[in-house]
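These notes concern the structure reproduced below.
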Amino acid sequence: MSSRGSPALQKRELGATGALISAVGLGGMLLSIQGRPPHAAAIELIRHAVSEGITLVDTADAYCLDDSEQGHNLRLLREALRGSDQVWVITKVGCTRPGGAWRVDARPERLIQAAEQSLTALGREPIDLLQLHAPDSRVPFAESVGALAELVRAGKVRHVGLSNVSANQIAEARAITPIVSVQNRFNLHDRSVETNGVLDYCTKHRITLFAHSPFGGAQNAPELGLSRLSQEAKRRKVSAYRLVLAWLLAKSPAVVPLFGARRLDSVSDSARATRLGLSPEDVQAIDQLLAPRASG
Ligand SMILES: NC(=O)c1ccc[n+]([C@@H]2O[C@H](COP(=O)([O-])OP(=O)(O)OC[C@H]3O[C@@H](n4cnc5c(N)ncnc54)[C@H](OP(=O)(O)O)[C@@H]3O)[C@@H](O)[C@H]2O)c1
């Protein structure tokens, strides 16, 4: 197996590729959308994540304020990661930001164009892993996936992944091209991957399941400190954030959470979650804590 990066953090295999990535990754979205930190602070934060042993960063061409600065987050990563070849940069195409809104556009010609622009913005060829941001209800799913497969054949993309998909869609895509990852929401408030077959499918077929928005997004994240988990976290002398990431990691060897951050402390704390191993009994106890309580 080839390994890139610091040995300090637990690593997980990317799909069944043999490549190792840090068991948690930094999501770049908050560094480029509304409420983002100043440029220099964003660069510092990305470099801080690398210094903490993180070798996986998730981005998308749509992480920007609006379409006029498409690729903002990719350019930020290009600048911050100069000389950090050990870091895997995984990106997505298939969304646009007209006037700052989020729109899915997964027409094959648009995906190819967006991938070409992403290559230029990132300054790396091939792209380590290109993910379809979301299926487009106006486009046959197989055509969107076919465009990504074409980019692999052209040598512009190493691996293909999907995002915001069902187990049936993963199976449909795998008939077209190898799929190494799926990026779906997985957090305390949305555990649908545990019941809709996606987690089981990914585990069975050795597909990495990137758990996006592990704290429920920037707006919900502060509430985690007040959640039912916080007592348990206190007992273990860790933050509730670290406990959530460890709980996600313990769900399956396929899971790799992608957390967002704007503060250096958030990065340092979340990175350490990979050192907090939870037993199946611990996971069960946390699941019970999260179960809805009977009223009356
Ligand atoms: N594929 C998709 O459709 C999709 C959709 C959404 C997100 N994503 C991916 O998932 C990533 C994460 O999502 P997200 O950033 O929206 O939400 P998130 O990771 O659930 O929450 C981010 C918030 O958590 C806080 N935080 C992180 N670690 C912390 C710690 N140890 N202690 C206290 N607070 C902590 C951060 O606070 P500070 O800001 O104060 O540091 C930040 O505001 C994105 O960057 C993106 O890569 C993908």
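Quick note: the sequence shown, position 22, residue 77 per the numbering used here, numbers continuous. Here a beta-carbon is modelled for each residue, glycine too, at the ideal position from N, C-alpha and C. Remember, predicted model here, so these are calculated numbers, not experimental data.
Remark: C-beta atoms of residue 122 and residue 163 do not approach each other more closely than 9 Å. Distance check between residue 293 and each of 325, 263, 312 places 325 closest, using alpha-carbon atoms only. DSSP places residue 335 in the uninterrupted alpha helix (DSSP H) bounded by 335-345. Distance from the CA atom of residue 186 to the CA atom of residue 85, rounded to whole angstroms, is 19 Å.
Selection 276, 157, 135 evaluated against residue 144 yields 135 as nearest (Cα-Cα).
Relative to residue 93, the option among 318, 240, 168, 68 whose CA is nearest is 318.
Shown here, residue 239 sits in a strand according to DSSP, grouped into three states. Residue 183 has its Cβ no nearer than 8 Å to any heavy atom of ligand 1. Going by DSSP, residue 182 is part of the beta strand (DSSP E) stretching over 182-187. Here the C-alpha atom of residue 88 lies approximately 23 Å from the C-alpha atom of residue 220. Contact annotation: residue 309 and residue 258 have beta-carbon atoms nearer than 9 Å. For residue 77, the uninterrupted beta strand (DSSP E) segment begins and ends at 75-77. Residues 163, 166, 167 of the same chain have their beta carbon placed closer than 7 Å to that of residue 202, with the five preceding and five following residues left out of the count.
Beyond the five residues adjoining it in sequence on each side, residue 211 comes within less than 7 Å, by CB distance, of 170, 174, 180, 181, 182 in the same chain, given in chain order.
In the pairwise beta carbon analysis, the region 260-272 is classified as not touching the region 96-106: fewer than three pairs are separated by under 8 Å.
The three-state reading of DSSP puts residue 164 in helix, counting H, G and I together.
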